[in-house]
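Per my numbering, residue -8 is the first one in the sequence shown, and the count goes up by one each step.
Note that the Cβ used here is the ideal one computed from N, Cα and C, for glycine as well.
Okay, so here's the structure we're looking at.
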Amino acid sequence: MKIALAQLNYTIGDFEGNKEKIIKAIKEAEIKDASLIVFSELSVCGYPPKDFLEFDDFIDKCQKSVHEISQVCNKIAAIIGSPIKNESGRGKPLYNAALFIHEGRVKGIQRKSLLPNYDIFDEYRYFEPNQHFEVFEFKGEKIAITVCEDLWNTENHPLYLCKPLDELLKLKPTLLVNISASPFHDNQPYLRLNIFSENFKKAQIPLIYVNQVGAHTDLIFDGNSMAFNSNGSLAIRMKFFAEDMIIVDTHDLHTAVVTSDFNIPQRTALIHDALVFGIKEYFSKLNLKNAIIGLSGGIDSAVVLALATEALGNDHIKAL
């Protein structure tokens, strides 16, 4: 089975723009003969939506987008991220969910189990944690879907009592999919590799990881989506700080015939690229083009000037 990994740049609350990107990627993947396409966490609304989640109209628009996206998923299936309502009447009003869509409708839902509530994360404020696990059978694969943090509770990094991977492995999956919105910091690419390595030691099955790319004010998402073979070796690594889509064949993952050299850029280069990308994204998403920068004569403002000039172009910078 061919699977498309769609690493896209979303805008929080831009439902039309996000929906158009998702549908365009679905149609492109279908042309390339993919049977399944995977998007990142909360791709319908963008991540992190924060207090927008408290507005009924925001959730209604998420549901509307999911319905419209479903209409183009007839032959091809899709895994997308969206908040969904908690209809149980108990706990928080929403779930952070991965939706499995095929034949024009949502055919399966895997809710997020581990809700980070540290550093920049505040998910437990809005979402109810998942208590139920299942796998989705499709094209000969038994797919276990996890949402970002669900794979970060490893033996070497225990943060929660619940271990979603352990529960899913009881169901004998053949493929593990993780949809994420994992923000960048200078050590994150190395940390992710360690986390996925720990998960592989336990799961021993191929892993597909799709991360969001883009920036939202102070948060930068680097992309860097990946696929791992059944022997734990890296099969595919996608671009840093750019949209990307790659097709992978599960037969190749199971037989480990595709390998990739994982050359993470030097840390200083990564920080530089993240800062330039963040500036460019901030101006682009606010529809701004020009910047005025006051120079103090010190190294700090000189570095800001250099980064802003690279991000926006010399013609869009005025230094005072």
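>> Between the alpha carbons of S104 and H245, how many angstroms are there, rounded?
In response: Rounded to whole angstroms, S104 to H245 spans 27 Å at the Cα level.
> Which ranges does the beta strand (DSSP E) cover as unbroken runs of at least 3 residues, wholly within the region 4 to 90, from first to last along the chain?
Replying inline: Listed in chain order, the complete beta strand (DSSP E) runs (minimum 3 residues) inside the region 4 to 90 are 27 to 29, 68 to 76.
>> I'd like the list of long-range same chain contacts for L266, defined as Cβ closer than 7 Å, with 5 residues on each side in sequence excluded.
In response: Hits under 7 Å: L298.
>> So that I know if they touch, is there some Cβ in chain B lying closer than 8 Å to that of F175?
In response: You won't find chain B in this structure, because it holds only one protein chain.
> Taking Cβ positions, are K23 and A(-5) nearer each other than 8 Å?
Replying inline: In contact: K23 and A(-5) (Cβ atoms closer than 8 Å).
>> Please classify F187 as buried or exposed, where buried requires at least 16 neighbouring CB atoms within 10 angstroms.
In response: Only buried fits F187, as 16 or more other CB atoms lie within 10 angstroms of its CB.
> Among F127, V248, D209, W143, which one has its Cα closest to the Cα of I100?
Replying inline: Per the Cα distances, F127.
> Where do the N-terminal and C-terminal ends of the alpha helix (DSSP H) with V294 fall, by residue?
Replying inline: Counting along the chain, the alpha helix (DSSP H) containing V294 begins and ends at 290 to 303.
>> Does T208 come out as helix, strand or coil in the three-state DSSP assignment?
In response: Three-state result, T208: coil.
> In chain order, what residues of the same chain have a beta carbon less than 7 Å from the beta carbon of E114, not counting five sequence neighbours either side?
Replying inline: Cβ neighbours of E114 beyond the five flanking positions: N87, L106, P107, N108.
>> Looking at I211: is its Cβ nearer than 8 Å to the Cβ of L166?
In response: Result no, Cβ atoms of I211 and L166 do not sit closer than 8 Å.
> Per DSSP, what kind of secondary structure is V168 in: helix, strand or coil?
Replying inline: In the three-state reduction of the DSSP assignment, V168 falls in the strand class.
>> Let's test the definition: count the other Cβ atoms within 10 Å of the Cβ of V248 and tell me whether it reaches 16, buried, or not, exposed.
In response: Around the beta carbon of V248, fewer than 16 other beta carbons sit within 10 angstroms, so the residue counts as exposed.
>> Please report the distance separating the alpha-carbon of L159 from that of V295.
In response: Answer to the nearest angstrom: the Cα atoms are 47 Å apart.
> What residue from K66, I70, R102 has the CA that sits closest to K83's CA?
Replying inline: Ranking K66, I70, R102 by Cα distance to K83 puts R102 first.
>> For Q62, count the other beta carbons within 10 Å of its own beta carbon; 16 or more makes it buried, fewer makes it exposed. Which is it?
In response: Q62 counts as exposed, since fewer than 16 other C-beta atoms from the protein chains shown sit within 10 angstroms of its C-beta.
>> Does the contact criterion of 3 or more C-beta pairs under 8 Å hold for the region 275 to 294 versus the region 237 to 244?
In response: With the rule of 3 Cβ pairs closer than 8 Å, the region 275 to 294 does not count as touching the region 237 to 244.
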